[in-house]
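Undergrad: Let me begin by handing over the structure; questions about it come next.
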Amino acid sequence: MSNTSRKRREALVYHAKPKPGKIEVVPTKKYATQRDLSLAYSPGVAEPCLEIEKDKENAYKYTTKGNLVAVISNGTAVLGLGDIGPEASKPVMEGKGLLFKIFADIDVFDIEVDTKDVDKFIETVKNIAPTFGGINLEDIKAPEAFEIERRLKEELDIPVMHDDQHGTAIISAAALLNAVELAKKKIEKVKIVISGAGAAAVSCTKLYKAFGAKAENIVMLDSKGVIRKDRANLSEEKAEFATARKIDTLDEAMKNADVFVGLSIANIVSPEMLKSMAKRPIVFAMANPNPEIDYQLAMDTRKDIIMATGRSDHPNQVNNVLGFPFIFRGALDVRATKINEEMKKAAVKALAELAKEAVPEQVNIAYGETRLNFGPDYIIPKPFDPRLIAKVPPAVAKAAMESGVARQGIQDWDKYEEELLERMGNENKITRLLINRAKTNPKRIVFAEADHLDVLKAAQIVRDEGIGFPILLGRREVIKELMAEIDFEEEDVAIIDPKSDEEEEHRKNYANKYWETRHRNGVTKYDAEKLMRERNYFAAMMVNEGDADALLSGYSRAYPTVVKPMLELIGMAKGVSRVAATNVMNTSRGPIFISDTSINIDPPAKDLAKIAQMTARTVQLFGMEPVIAMISYANFGSSKDPRAKKVKDAVSYLHRFHPELSVDGELQTDFALNREMLQSKFPFSKLAGKKVNTLIYPDLDSANSTYKLIKELNNVDSIGPIMMGMNKPVHILQLGASVEEMVNMSAVAVVDAQEKEKRLKK
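Each position in the sequence shown, counted from 1, maps to that position plus 35 in the working numbering.
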């Protein structure tokens, strides 16, 4: 099976299993008892119904309306697939709903309308509009899209936006403002070429004009060439941008142009065209998946270029996800009656300004950058920037209030910003950041148990996603058979059987190296050679000798049996006296680190403090500032038992020798995680008013049980155990880890290798 066929199958399985689709409806109220049900439905439900009958605005108070957006399409212009019909468009609409939820915590119903008739479409949307706080129109072909959006905006009293038109316009306008500034030009004077005349191109050009671009400086092209005033039968939208210049081709239009904006097709801009542009040209080649001119070709052709594309593998990605979730978030939060020009311009300015601010370390880490700075390679924020939720919605909300379309005001902007940040405790954000960072500099990972199907599946994903380069250890014939079963192509993948004759030279070399370090600990040369036939010993020596960068094992064997060779062969990092493990729990309140989940049974106070220090460094590795609670059954000296005193002594040690850490205890778990309770009962605590993201437990029993309880009861993803304090990047999986967990741990291993490599270079 070809790679394309396999990708096709993976996409289909992703959408079909474990249950069809990507979104679901989840109850937000209790429903366990008869009393709960009588309040949820009859007779209790009558009371909010009557209140809404008195005043329709009460629907925002008693229902989900205020946080519910409809993503609506008729399937006439779906991505690059064209007119494929409403049913076929549903996966895309569900995907849009997923993005609304994970980026701005907005709930979505996707609605596919089976009509191409403009009047019928508008009537359908108007009839269902009372359900929603906003309408996101999607994948509707031009020119019908223009009329549909215009009329719905006029006739409805909730925000309506056709994201295909305005999303790209808003993001690219922010990029254009910053690019023009960097090029030391004025937007009122730049000559702009727009390749494409569809909904997005028209909306982009209108927004550029709103920011000062002059009509006489704009040339727009469609599939027939330059749109000129003397062309017959121009639509109203195209007529607005028709030029009086006597030119016909893109080649002619590009001469001395300052800006090229591509919303058309791949590879229509040649190096010669690029050379004919003015000094410091701005090129937004946004055709997807392949831009109007290849990024590297453009960069090689003009050293003074400022370039953006629609792709995530190049700088300056014009990604609509920077806009629509946050614009609707701000509009919903003030119950806006529409999304007007002022609100769109406010979003543009907020995005442009954010790109000029100092970038948080979390974002640098996510994108594998030493330091992102405002400049030619960074003119718009990155999609994973956590500040977007706190920057764009308030700007949109303020614009709605100032322009008179808000039905509800915001009084306390600091509180509103805090609420927005709380919404972004998204369970999987840290995983996205982790994998994204790993992909910036992939490493060679030894999968020590590759003759197990799930391990191979994980290795396949790691290779396909560019997270790392798998090295497969195990019985060669079994591995090959399993690879064929899952269409895992062998080329470029190393398969090693430590027991095979082919590996005899490696075994002897590794055995000698091992014996040299352990011969005074009772290890004979014969013992060393025998151990090198064991996959975990062989794998550890591969990492030790630089034949691999990182190691994963433990899927099929008990944790202690895998830890032993790692401690013997790899050993602890310089200055470390105790190794430990932490697990990251991707909870609804954000990531929570739990230590020590795998190694230390009952560490004394000083070791407990060192575990807290190592965990703090790991939290920082993920781009977060550690806020650490040292957990006990007691609160701040309420028990004199030695077990509670141990935690108290560990905290005293940390306060004395590491005052820079935000750490306190001893604390019960509920007080650690409930800010209000902690502030009320223990206002003196160093954690008062802070959101704890790290829990250090006093023993292995409590830490291991807690993380597994959270994982099973709440169906929470776990990343870990992450080994801390080892000399090399080795990580031991939990017995029977899932494919997803192994992929995540592969990313951890790669990032660990990246960090250790950086330290060696210092």
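We put the CB at the ideal spot given by N, CA and C, even for glycine.
Quick caveat, the model's predicted, so the values are computed rather than measured.
Residue ranges of each beta strand (DSSP E) run of no fewer than 3 residues wholly in the stretch 718 to 773, ordered along the chain?
TA: Listed in chain order, they are 729 to 731, 752 to 759 and 765 to 767.
Undergrad: Can you say whether V195 is buried or exposed, counting buried as having 16 or more other CB atoms within 10 angstroms of its CB?
TA: In the sequence shown, counting from the first residue as 1, residue 195 sits at position 160. Under this definition V195 is a buried residue.
Undergrad: Mapping the DSSP letters down to three states, classify E223 as helix, strand or coil.
TA: For the purposes of this step, residue 223 is taken as residue 188 along the sequence shown, with counting starting at 1. In this structure, E223 counts as coil in the three-state DSSP scheme.
Undergrad: Tell me, to the nearest whole angstrom, how far the beta carbon of L332 is from that of I303; I am working on the premise that it is less than 8 Å.
TA: As a position in the sequence shown, residue 332 is number 297, starting the count at 1. As a position in the sequence shown, residue 303 is number 268, starting the count at 1. Rounded, the Cβ-Cβ distance is 13 Å, inconsistent with contact.
Undergrad: Which partner residues of F246 appear in the DSSP bridge assignment?
TA: Stepping through the sequence shown from its first residue, residue 246 is reached at position 211. DSSP lists no partner for F246.
Undergrad: Quick check on this structure: which residue in A46, T68, E453 and K746 has the alpha carbon closest to the alpha carbon of I627?
TA: One-based indexing of the sequence shown puts residue 627 at position 592. Here the closest residue by C-alpha is K746.
Undergrad: Compare the Cα-Cα distances from L116 to each of I175, T98 and L72 and report the closest residue.
TA: In the sequence shown, the residue the question calls residue 116 occupies position 81. Out of I175, T98 and L72, I175 has the C-alpha closest to the C-alpha of L116.
Undergrad: I want to check one thing, is the minimum distance from the CB of G130 to the heavy atoms of the ligand FAD below 6 Å?
TA: In the structure shown, the ligand FAD is absent, as is every other ligand, since no ligand is present at all.
Undergrad: Find out if the Cβ-Cβ distance for the pair M620, V751 is shorter than 7 Å.
TA: For the purposes of this step, residue 620 is identified with residue 585 of the sequence shown, where counting begins at 1. For the purposes of this step, residue 751 is identified with residue 716 of the sequence shown, where counting begins at 1. Contact flag set, yes.
Undergrad: Return helix, strand or coil for T344, following the three-state DSSP convention.
TA: As a working mapping, residue 344 is identified with position 309 in the sequence shown. In this structure, T344 counts as strand in the three-state DSSP scheme.
Undergrad: Would you mind sorting N749 into buried or exposed? The rule is 16 or more other CB atoms within 10 Å of its CB.
TA: Looking up residue 749 in the sequence shown gives position 714. Burial call: exposed.
Undergrad: Nearest-angstrom Cα distance between E462 and S623?
TA: The residue you call residue 462 lines up with position 427 of the sequence shown. The residue you call residue 623 lines up with position 588 of the sequence shown. Residue placement at E462 is flagged as unreliable, the pLDDT there being 49, under the threshold of 50; the coordinate-derived value follows with that caveat. Going by the C-alpha atoms only, they are around 5 Å apart.
Undergrad: With distance defined between alpha-carbon atoms, name the residue in V318, I300 and S299 nearest to M308.
TA: Residue 308 sits at position 273 when you count from the first residue of the sequence shown. Of the listed residues, the one whose Cα sits closest to M308 is V318.
Undergrad: Starting from D283, trace the alpha helix (DSSP H) in both directions and tell me its first and last residue.
TA: As a first step, residue 283 must be located in the sequence shown, where it is residue number 248. Neither: D283 is in no alpha helix (DSSP H) and is coded neither H nor E.
Undergrad: Less than 8 Å between the CB atoms is what I'm expecting for A322 and L298, so what's the real figure, rounded?
TA: The count along the sequence shown starts at 1 and reaches residue 322 at position 287. The count along the sequence shown starts at 1 and reaches residue 298 at position 263. Rounded, the Cβ-Cβ distance is 7 Å, consistent with contact.
Undergrad: Would S258 be called buried (16 or more neighbouring beta carbons within 10 Å of its own) or exposed?
TA: In the sequence shown, the residue the question calls residue 258 occupies position 223. Exposed.
Undergrad: Using DSSP with H/G/I as helix, E/B as strand and the rest coil, what is V597?
TA: Position 562 of the sequence shown, counted from the first residue, corresponds to residue 597. It is helical.
Undergrad: Please report the straight-line C-alpha distance between Y572 and I480, rounded to a whole angstrom.
TA: Locating residue 572 in the sequence shown gives position 537, counting from the first residue. Locating residue 480 in the sequence shown gives position 445, counting from the first residue. When rounded, the distance between both Cα atoms is 15 Å.
Undergrad: Is the Cβ-Cβ distance between R510 and D527 less than 7 Å?
TA: Looking up residue 510 in the sequence shown gives position 475. Looking up residue 527 in the sequence shown gives position 492. Not closer than 7 Å, so no.
Undergrad: Can the beta-carbon of A390 be found less than 7 Å from the beta-carbon of I374?
TA: As a first step, residue 390 must be located in the sequence shown, where it is residue number 355. As a first step, residue 374 must be located in the sequence shown, where it is residue number 339. Cβ atoms of A390 and I374: not closer than 7 Å.
Undergrad: Enumerate, from N- to C-terminal direction, the unbroken beta strand (DSSP E) stretches of 3 or more residues contained entirely within the stretch 60 to 123.
TA: Correct list: 103 to 108.
Undergrad: Tell me, to the nearest whole angstrom, how far the beta carbon of I282 is from that of V261; I am working on the premise that it is less than 8 Å.
TA: Here the question's residue 282 lines up with position 247 in the sequence shown. Here the question's residue 261 lines up with position 226 in the sequence shown. Their Cβ separation, rounded to whole angstroms, is 5 Å, which keeps I282 and V261 in contact under 8 Å.
Undergrad: CA-CA distance, L269 and L134?
TA: On the sequence shown, position 234 is the one that residue 269 refers to. On the sequence shown, position 99 is the one that residue 134 refers to. When rounded, the distance between both Cα atoms is 36 Å.
Undergrad: Return the first residue and the last residue of the alpha helix (DSSP H) that G202 is part of.
TA: What you label residue 202 is simply residue 167 of the sequence shown in a count that begins at 1. D198 to L217 is the extent of the alpha helix (DSSP H) around G202.
Undergrad: Which residues mark the beginning and the end of the alpha helix (DSSP H) in which P306 is found?
TA: Taking the sequence shown and counting its residues from 1, one reaches residue 306 at position 271. P306 -> alpha helix (DSSP H) spans P306 to K310.
Undergrad: For chain B, is any of its Cβ atoms less than 7 Å away from the one on T159?
TA: Of the chains in the structure shown, none is chain B; there is only one protein chain.
Undergrad: Taking a contact to mean a Cβ-Cβ separation below 7 Å, would you say A301 touches V254 in this structure?
TA: What you label residue 301 is simply residue 266 of the sequence shown in a count that begins at 1. What you label residue 254 is simply residue 219 of the sequence shown in a count that begins at 1. Cβ atoms of A301 and V254: not closer than 7 Å.
Undergrad: Expressed to the nearest angstrom, what Euclidean distance is found between the alpha-carbon atoms of N355 and V786?
TA: As a working mapping, residue 355 is identified with position 320 in the sequence shown. As a working mapping, residue 786 is identified with position 751 in the sequence shown. If I take the Cα positions, the gap works out to 28 Å.
Undergrad: Report yes if the CB atom of T617 is closer than 7 Å to the CB atom of T596, and no otherwise.
TA: Mapped onto the sequence shown, residue 617 falls at position 582. Mapped onto the sequence shown, residue 596 falls at position 561. Not a contact, by the Cβ cut-off of 7 Å.
Undergrad: Going by DSSP in three states, E462 sits in which element: helix, strand or coil?
TA: Here residue 462 corresponds to residue number 427 of the sequence shown, with the count starting at 1. Per-residue confidence for E462 stands at a pLDDT of 49, beneath the threshold of 50, marking its modelled position as unreliable; the derived number appears in the next sentence. In this structure, E462 counts as coil in the three-state DSSP scheme.
Undergrad: Mind checking whether I629 and A738 have CB atoms under 7 Å apart?
TA: If you number the sequence shown from 1, residue 629 lands on position 594. If you number the sequence shown from 1, residue 738 lands on position 703. Closer than 7 Å, so yes.
Undergrad: The alpha helix (DSSP H) that contains A393, what's its start and end?
TA: Position 358 of the sequence shown holds residue 393. Segment: none, A393 is in no alpha helix (DSSP H) and carries neither H nor E.
Undergrad: Let me make sure I understand the geometry here. Which of E271, A647, P600 and K64 has the alpha-carbon closest to that of G233?
TA: Position 198 of the sequence shown, counted from the start, is the residue given in the question as residue 233. With distances taken between Cα atoms, G233 lies closest to E271.
Undergrad: Please state whether the Cβ-Cβ distance between I663 and T741 is less than 7 Å.
TA: Sequence index remark: in the sequence shown, residue 663 carries index 628 (1-based). Sequence index remark: in the sequence shown, residue 741 carries index 706 (1-based). Going by C-beta atoms, I663 is not nearer than 7 Å to T741.
Undergrad: Name the residue from A593, N544, G610 and E569 whose alpha carbon lies nearest to the alpha carbon of D582.
TA: If you number the sequence shown from 1, residue 582 lands on position 547. Of the candidates A593, N544, G610 and E569, the one whose C-alpha sits nearest the C-alpha of D582 is N544.
Undergrad: From the DSSP output, read off the bridge partner residues of L586.
TA: Within the sequence shown, numbered from 1, the residue matching residue 586 stands at position 551. Answer is V481 and V765, bridged to L586.
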